[in-house]
Structure formats: C-alpha cells, structure tokens
Amino acid sequence: MAGVQFYRDADLPFFELKLCDADRLCYKKHSHEEYSLGVVEAGNSSFWYEGKTTRVNPQTFVLIPPGLVHSCNPQPHDQWKYKMLFIEAGWMQQFFENKGLPALCQPVVTGLADSQSYTALCSMLERLIKPISPLEKEAGIIGFFEEQAVQDMGFWKKSSRSKELPKLKIIKEYLDNNYLSRITLAELEQVSGLNKFTIIRSFKDEFSIPPHTYQTLLRVNCAKKLLRQNDQITEVAYKTGFYDQSHFHKVFKSHTGVTPDKYKSGEES
Numbered sequence: 001m002a003g004v005q006f007y008r009d010a011d012l013p014f015f016e017l018k019l020c021d022a023d024r025l026c027y028k029k030h031s032h033e034e035y036s037l038g039v040v041e042a043g044n045s046s047f048w049y050e051g052k053t054t055r056v057n058p059q060t061f062v063l064i065p066p067g068l069v070h071s072c073n074p075q076p077h078d079q080w081k082y083k084m085l086f087i088e089a090g091w092m093q094q095f096f097e098n099k100g101l102p103a104l105c106q107p108v109v110t111g112l113a114d115s116q117s118y119t120a121l122c123s124m125l126e127r128l129i130k131p132i133s134p135l136e137k138e139a140g141i142i143g144f145f146e147e148q149a150v151q152d153m154g155f156w157k158k159s160s161r162s163k164e165l166p167k168l169k170i171i172k173e174y175l176d177n178n179y180l181s182r183i184t185l186a187e188l189e190q191v192s193g194l195n196k197f198t199i200i201r202s203f204k205d206e207f208s209i210p211p212h213t214y215q216t217l218l219r220v221n222c223a224k225k226l227l228r229q230n231d232q233i234t235e236v237a238y239k240t241g242f243y244d245q246s247h248f249h250k251v252f253k254s255h256t257g258v259t260p261d262k263y264k265s266g267e268e269s
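My numbering numbers the first residue of the sequence shown as 1 and each following residue consecutively.
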C-alpha cells in the first residue's frame with residue numbers, strides 16, 4: 001500500500017482508521033473532532049502543538065485529544081509510514097468515566113521502546129481491516145487502552161487558561177454553531193464583549209489558530225461527515241461554504257492529506 005487509505009466499519013461507526021505510506025506529504029495546522037491514536041512505523045517527523053515541537057521517530061505512540069490544533073510532518077526525503085485511528089469523543093469519554101480518569105487535555109507522545117508493546121499496537125490496528133467480528137475489533141481497542149495507554153496518565157493534566165477564556169469560549173461556541181455562515185469580526189465582538197483587535201490575538205494564543213482558521217477546520221470536519229454519508233462532492237463543497245470545488249479540493253487535501261474523492265472512497269491517493 002502506498003499513499004493514504006481510510007477504512008470504516010458500518011458496525012463500528014465511532015472508529016475510522018487511516019493508513020499512510022507516502023513521502024512529500026505535508027499537513028497544515030489542523031484539529032479533529034475525534035481522539036487520534038497513532039503509531040509511526042517508518043520515517044521521522046516533527047509534531048507541533050501549542051508552539052512546541054517534538055521529534056517523532058519510528059515506534060512512537062501518539063494520542064491527541066479532540067479540538068487540539070496540531071501538525072505532524074515528515075522530515076525532508078523521508079518515506080513516512082504510520083497508522084492513525086480516529087475515535088469518537090463520546091466513546092473515549094465512556095472509557096474515561098468507567099476507569100475514573102480525567103479527559104485528555106494534552107497529547108501523549110511517547111516512544112514504545114518495548115517491541116512487544118509496539119507489535120501489540122500495530123496488530124490491534126491491523127485487525128480493524130480484517131474480516132473479523134466487530135466484537136473482536138472493539139475488544140482489541142479497549143484492551144489496548146487498558147493495558148498500555150493508561151500507563152501514560154501522567155500526561156493527562158489540565159492545561160493553564162487565560163483570564164479571557166470564558167469570553168473566548170463564547171466565540172468558539174459561536175463558531176461551532178455558525179461555521180457555515182459568513183461570520184464577521186464585528187459579530188464575534190458583539191457576542192463575546194471582547195474588543196475585535198483583541199479577539200484575533202487572544203483566540204490564537206488560547207487555541208493556536210485564529211478564528212477564521214478554526215472556522216475552516218469546522219467546515220472540513222463537516223465535509224468529512226457528509227462524504228462518509230456518500231453525498232456528492234459538488235454538493236458537499238457548496239453545503240460547507242467553500243467558494244468552488246477547486247477551493248474545496250485544495251483546502252480539504254491540505255488538512256487531510258487526500259482529495260475529497262479519495263477520502264470518500266477510502267482508496268489510496
């Protein structure tokens with residue numbers, strides 16, 4: 001397999017598996033609505049979030065909470081191979097509550113020096129594309145979190161927040177609810193009570209990207225849902241507020257690594 005592929009199971013709608021084996025692949029800063037569980041199999045890359053950059057090598061395990069703006073890009077000329085499992089936030093929340101654990105606020109990035117742990121994680125992810133029962137697939141995911149991920153709970157801590165956070169949350173919520181509309185800075189000023197000259201800087205300081213970029217992320221995530229429902233690409237571009245199909249194609253690929261038609265079909269790019 002070369003390129004990027006997506007796998008989904010109709011009986012397990014809360015999971016989506018992404019397999020990547022490519023070079024010259026570059027992602028913009030982005031976020032996901034889901035938790036992202038990944039493992040690097042080959043190549044070296046740089047993982048960025050909240051102004052910090054961490055080098056990610058083969059046999060590195062990564063767990064990223066939903067809504068966290070990040071990017072991960074391979075070193076020049078490296079063939080980059082990894083597996084990434086997207087897990088609906090509601091499913092993970094149930095796991096946390098069952099184990100008496102807090103929700104993840106910061107990403108976990110840790111090397112799997114133990115080859116047995118690395119092999120177990122890769123095997124668990126590979127089973128998700130095999131013709132086995134959904135019961136066995138989901139049990140494997142739960143088993144991984146129980147046996148391996150819980151060991152990294154030291155990373156699961158609350159992050160510091162600015163004094164403007166309540167008003168910034170209002171802006172974020174407004175964008176969450178109106179991202180398909182043509183939102184102006186004046187609107188954000190009105191709903192939050194923050195000066196419009198403060199909004200851009202403060203929002204970016206808190207969430208790592210400015211409001212308009214966050215709105216684009218929401219539109220891309222909405223487009224992914226519509227494509228999974230088998231909606232026509234031209235309709236998806238229109239529904240999610242992109243100027244035209246060419247603009248939609250360019251933005252979608254810059255955030256997901258694949259074109260809308262490849263994402264829809266799950267085929268390699």
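A virtual CB, placed ideally from N, CA and C, is assigned to each residue, including glycine. Every value quoted in this text rests on a predicted model; they were computed, and no experiment measured them.
Taking 8 Å as the cut-off, decide whether the C-beta atoms of V69 and V56 are in contact. no
R219, buried or exposed, once every other Cβ within 10 Å from all chains shown has been counted against 16: buried
So, using beta-carbon positions, are C279 and P65 closer together than 8 Å? Beyond the ends of the chain as shown, which are 1 and 269, falls residue 279; an answer cannot be given.
Looking at the unbroken alpha helix (DSSP H) that takes in R182, where does it start and where does it end? Element bounds for R182: n/a, residue is neither H nor E.
CB N98 to CB Q75, shorter than 8 Å? no
Based on DSSP bridge pairs, tell me the residues matched to I87. F15 and Y35
Between K28, E33, G38 and K29, which has its C-alpha nearest L17's C-alpha? G38
What do you get for G257, buried or exposed, if any count of 16 or more other CB atoms within 10 angstroms of its CB means buried? buried
Looking only at its chain, what residues have a beta carbon closer than 8 Å to the beta carbon of P58, apart from the 5 residues adjacent to it on each side? V40, E41, A42, G43 and N44
Contact the segment 171 to 178 vs the segment 26 to 35: 3+ CB pairs below 8 Å: no
Do L85 and L125 have their C-beta atoms within less than 8 Å of each other? yes
State whether the segment 163 to 172 contacts the segment 45 to 53, with contact taken as three or more CB pairs (one from each stretch) at a distance under 8 Å. no
What's the C-alpha gap between K264 and K196? 38 Å
Would the beta-carbon of L322 fall within 8 Å of that of F15? The question about residue 322 has no answer, for the chain in this structure spans 1 to 269.
Counting only the same chain and skipping the five closest in sequence on each side, list residues whose C-beta sits under 7 Å from that of I209. K29 and V69
Range covered by the alpha helix (DSSP H) that runs through L168: L165 to N178
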